[in-house]
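In terms of this note's numbering, the sequence shown opens at residue 258 and continues consecutively.
We put the beta carbon where it would ideally sit given N, CA and C, even for glycine.
See structure below.
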Amino acid sequence: MIQVSRINGKSYFLNPHLVECIEETPDTVVTLTTGKKVVVDQSADEIVEAILRYRAEIAARLPLIVTGDER
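Following this line, the structure appears as structure tokens:
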């Protein structure tokens, strides 16, 4: 999950696997595969970077999961 903030400052976690597209109109609108749209305080670039970090973390842990090493 990635942490984002609504325009009102309230933060929450978003499942990055459900992100279909991100638009800046000028507010940043994240459209999910469910059709739900969420307006967030972060820029599109910030959200993309958070998704890339999240996926890199998963990829880094994959060898540990496959071998059963629970560090």
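Just how far apart, CA to CA, sit residue i and residue j?
i	j	result
V297	V286	6 Å
Q260	P283	20 Å
V276	I322	25 Å
S300	E281	7 Å
E306	K267	20 Å
R318	N265	34 Å
P320	I308	20 Å
Is residue i helix, strand or coil when you go by DSSP?
i	result
I279	strand
I308	helix
I259	strand
T324	helix
Please go through the same chain and pick out, in chain order, the residues whose beta-carbon is closer than 6 Å to the beta-carbon of residue i, but skip the five residues on each side of it.
i	result
L295	The displayed chain sequence assigns Val, not Leu, to residue 295. Same-chain partners within the cutoff: V287.
Looking only at its own chain, which residues have a Cβ that is under 8 Å from the Cβ of residue i, when we skip the five neighbours before and after it?
i	result
M258	F270, L271, N272, P273, Y311
Our contact map puts residue i next to residue j with C-beta atoms below 8 Å; I'd like the distance itself, whole angstroms only.
i	j	result
I279	I304	6 Å
Kindly list the residues whose CB is nearer than 7 Å to the CB of residue i, restricted to its own chain and excluding five residues on each side of it in sequence; keep chain order.
i	result
T290	L275, E277
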